[in-house]
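For the numbering used here, add 11 to where a residue sits in the sequence shown, where the first one is 1.
Even glycine gets a Cβ: it sits at the ideal position worked out from N, Cα and C.
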Amino acid sequence: MTDTFAKLYTQSAAGLEWVPAEMFALPEGCEYKIFKDDGGDGLRAVMVRFPPGYVEPEHQHAMEHWGIVIEGEMHVDGKKLGPGDFHFAPANVLHGPFYYPKGCIVFGTTHSFQPDGMRHDYTAEAAQADPRDIEVSAAGA
Ligand SMILES: [Fe+2]
12 MTDTFAKLYT QSAAGLEWVP AEMFALPEGC EYKIFKDDGG DGLRAVMVRF PPGYVEPEHQ
72 HAMEHWGIVI EGEMHVDGKK LGPGDFHFAP ANVLHGPFYY PKGCIVFGTT HSFQPDGMRH
132 DYTAEAAQAD PRDIEVSAAG A
C-alpha cells in the first residue's frame, strides 16, 4: 500500500477517462474516475457516473463509503439527494437500492476493511427490485 497522504497530491478530473466500474461488481452502465487508490484495504477517492434510470440494488460490502452528489439526482432510503447532498454507508450493513432517475455523478471515498472489500454482494432478488415507485422527499437530517 502506498502512503498517499505523505505529500500534497492533485489530480484534474479532465485528465482522467471514464472507465467501466468493474471493480464494484455492479450492474453494467456506471463508470468511474479514480482520483486516488491505495489498493486492497486502503482508501479510494472516486467519481462515479450513473446513467439515467440506473438502479444499484440493495447490497453490502466490506468497505464503508460516503458520497456527495455533484450533479443529477440520487434516490435512497426514501430521500432525494441533489448536488451537495451527502450519504454514508457503513461496512457490512445492507443499504440501497439506490436509484438515479435522471443520471447522477457522485464523488465519494471508500475505505475497505478487507482486500476484496470493493466487491458488492447483492441477491438476484435485489437485482430485480424496482425502486421507481418509491416516494422520495428531500434529504434531511
Ligand atoms: Fe454501497
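Simplified DSSP state of Asp144, which is helix, strand or coil
helix
Can you check which of these residues, Lys113, Ala102, Thr134 and His131, is closest to His122 by C-alpha distance?
Ala102
Buried or exposed (CB count within 10 angstroms, at least 16 for buried), Gly3:
Shown here, the chain extends from 12 to 152; a query on residue 3 therefore has no answer.
Which two residues bound the contiguous alpha helix (DSSP H) that contains Ala137?
Ala135 to Gln139
In whole angstroms, what is the alpha-carbon distance linking Asp88 and Thr21?
Distance between Asp88 and Thr21, taken at the CA atoms: about 34 Å.
Any idea what DSSP makes of Glu75, helix, strand or coil?
strand
Examine ligand 1 and report whether any of its heavy atoms sits within less than 7 Å of the Cβ of Ala150.
no
Any chance the CB of His106 is under 7 Å from a heavy atom of ligand 1?
yes
Report the rounded CA-to-CA distance for Tyr43 versus Arg143, giving the unit in angstroms.
Distance between the alpha carbons of Tyr43 and Arg143: 24 Å.
Kindly list the residues whose CB is nearer than 6 Å to the CB of Phe99, restricted to its own chain and excluding five residues on each side of it in sequence; keep chain order.
Trp77
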